[in-house]
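Participant: Just so you know, we're using the numbering used here here: the sequence shown kicks off at 819 and counts up by one. Yeah, the Cβ is synthetic: ideal placement off N, Cα and C, and Gly gets one too. Keep in mind that this is a model prediction, so the values were computed, not measured. Sending over a structure as structure tokens; questions will come in a sec.
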Amino acid sequence: MLIDLNDTKSYISIDTTDVLKTVEKFPEQCEESLKICKGLNFQKVKCSNISIFGMGGSGTGGELIQALVNDKINIPVMYFHHYTVPNFISSDSLCLLVSYSGDTEEILKVYDTVKSRKASIIIYASGGRLLEKAITDNIPYVKVPSGYQPRCALAFLFLPLLYSLYVLSLITDPGEEIVKSIETLKNLRQKSGRHMPSEKNYAKELAMKMTGTIPLIYSSQSYLEPVAKRWKNQINENAKTMAFYDNFPELCHNTICAWNKTEDNYSLILLRSREEDVSIKTRVEFLKEIAGKKITTVEEIKIDSTSFLEEILSMIYLGDFVSIYLALLKGVDPVDISLIRQLKEKLSKV
């Protein structure tokens, strides 16, 4: 461990652009995003399916939407993160295209395809060619604030998507749940922020336990699967650490076999749902017992919440803090995404 997490003045020597400050301001980003949501005004559309397209940090909101609303809407809601567009998408489809920069190569190609099929489209971007196309083609769009890396702009790439479905009369008003979630996030910040000492700060303690290990993030319910993926992605990007995610009950049909020969170079983080039936609890407890015999760090995270939205946002927020503290402990700058930039440069020449 290169630094003492209680020495907050030393953070800037590693976190050169203070990404942690952006994380700490997530509740305020949610408040700003809610104001954007209140100003949304889309013309009603008739559709038989909803498809959300996004890549990387720009796509997380779409995955969360799919997990949150699939049992609330009587038409399919699907999320895609690749170049290709499924053949079923046509003139009776609603396509929500998300690209924070507005220049994501895959989403620009998706736009051209779904437009040619005469699908209804809504764009979410801070600028770039995608927003230019939307304005030129008279396509509805939501312009979000610029100046963030996509993974640090989740509030603007998730809540407007969710609220759009309400404006389109597809779900009930999520406003009150969002407000309650913001208050919970502020309370969580008090417990997890930089100024809370390690001995009282679970996020710092967990990061210290995870240092030097390969984190495995398992979710106990389907709606938490994108949360587990968010943990994995943040650990990858912020802490430059290999990590993997999986979910119950699927992992009990494959991944569980690997625990028979697992060595103590992993940490296991179990994201426990506020609603687990007996079958899921049995699976989780069985795996926890097996893992506890193989590795040192097995942690369970369960959020005391009043809604799925509050639970999801709180778990994501805790994971964001953990990823930054893990980066600090490793001595790597969270803002660095040099390999992604190198690849984009290479792709631009293809």
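1. Inspect the CB distances between the stretch 898-908 and the stretch 928-946 and report whether three or more fall short of 8 Å.
2. Can the beta-carbon of Val1140 be found closer than 7 Å to that of Ala952?
3. In whole angstroms, what separates the C-alpha of Ile1098 from that of Lys1120?
4. On the criterion of 16 or more Cβ atoms from any shown chain inside 10 Å, does Phe974 qualify as buried, or is it exposed?
5. Less than 7 Å between C-beta atoms, sequence neighbours within five positions excluded: which residues of the same chain meet that for Glu1128?
6. In the DSSP assignment, what residue or residues form a beta bridge with Cys913?
7. Roughly how many whole angstroms lie between the Cα atoms of Ile868 and Val916?
8. What ranges does the alpha helix (DSSP H) occupy inside the stretch 915-995, keeping only unbroken runs of at least 4 residues that lie completely in it?
9. What distance in whole Å lies between the Cβ atoms of Leu1105 and Met1028, which are believed to be in contact at a cut-off of 8 Å?
10. Would you tell me roughly how many angstroms separate the C-alpha atoms of Lys1111 and Asp1064, rounded to the nearest one?
11. How is the alpha helix (DSSP H) around Tyr901 delimited, first residue to last?
12. Less than 8 Å between the CB atoms is what I'm expecting for Arg1101 and Cys1070, so what's the real figure, rounded?
13. Does DSSP classify Pro1152 as helix, strand or coil?
14. Thinking just about the alpha-carbon of each residue, which of Val985, Leu986, Ala1109 and Gly879 is nearest to the one in Pro968?
15. Is it true that the CB of Asp910 sits closer than 7 Å to the CB of Ser1188?
16. Would Ile941 be called buried (16 or more neighbouring beta carbons within 10 Å of its own) or exposed?
17. So, with DSSP's three-state summary, where would you put Thr1115?
18. Put Val863 into one of helix, strand or coil per three-state DSSP.
19. Beta-carbon within less than 7 Å of Leu1131's beta-carbon, same chain only, minus the 5 sequence neighbours each way: which residues are those?
20. Determine the DSSP secondary structure at Asn1065, reduced to helix, strand or coil.
21. What number of angstroms, rounded off, separates the C-alpha of Arg1090 from the C-alpha of Asn956?
22. If the criterion is Cβ atoms closer than 7 Å, does the pair Pro978 and Cys848 meet it?
23. Suppose the cutoff is 6 Å on Cβ atoms and the five residues either side in sequence are ignored; what does the same chain contact list for Ser919 look like?
24. Taking contact to mean 3 or more Cβ pairs, one atom from each stretch, closer than 8 Å, check whether the stretch 1002-1019 and the stretch 882-890 are in contact.
25. So is Asp833 buried or exposed if we call it buried at 16+ other beta carbons inside 10 Å?
Facilitator: The short version:
1. The answer is yes - the stretch 928-946 touches the stretch 898-908, with three or more Cβ pairs under 8 Å.
2. No, the Cβ-Cβ distance between Val1140 and Ala952 is not below 7 Å.
3. C-alpha separation (whole angstroms): 14 Å.
4. Buried is the call here.
5. Cβ neighbours of Glu1128 beyond the five flanking positions: Glu995, Lys998, Ser999 and Thr1002.
6. Ser869 and Ile939, per the DSSP bridge assignment.
7. Approximately 13 Å between the Cα atoms of the pair.
8. Considered as a whole, the stretch 915-995 harbours 923-934, 946-954 and 972-985 as its complete alpha helix (DSSP H) runs of no fewer than 4 residues, in chain order.
9. 18 Å between Cβ atoms; not a contact.
10. Distance between the alpha carbons of Lys1111 and Asp1064: 20 Å.
11. Taken as a continuous stretch (DSSP letters only), Tyr901 belongs to no alpha helix (DSSP H), as it is neither H nor E.
12. Going by Cβ atoms, the distance from Arg1101 to Cys1070 rounds to 5 Å, so yes, they are a contact pair.
13. Note: Pro1152 maps to coil in three-state DSSP.
14. Among Val985, Leu986, Ala1109 and Gly879, the Cα nearest to that of Pro968 is on Gly879.
15. What is shown of the chain runs 819 to 1168, which leaves residue 1188 out entirely.
16. By the neighbour-count criterion, in which 16 or more other beta carbons inside 10 Å mark a residue as buried, Ile941 falls on the buried side.
17. Three-state result, Thr1115: strand.
18. Here Val863 sits in coil by DSSP.
19. Contacts found: Ser999 and Leu1003.
20. Asn1065: strand per DSSP, three-state reduction.
21. As the crow flies, the alpha-carbon of Arg1090 is around 44 Å from that of Asn956.
22. No, these two residues do not count as a Cβ contact at 7 Å.
23. When the five nearest sequence neighbours on each side are left out, the beta carbons in the same chain lying within less than 6 Å of the beta carbon of Ser919 are those of Gly946, in order along the chain.
24. No, because fewer than three Cβ pairs between the stretch 1002-1019 and the stretch 882-890 fall closer than 8 Å, the two stretches do not touch.
25. Its Cβ being crowded by 16 or more others within 10 Å, Asp833 is buried.
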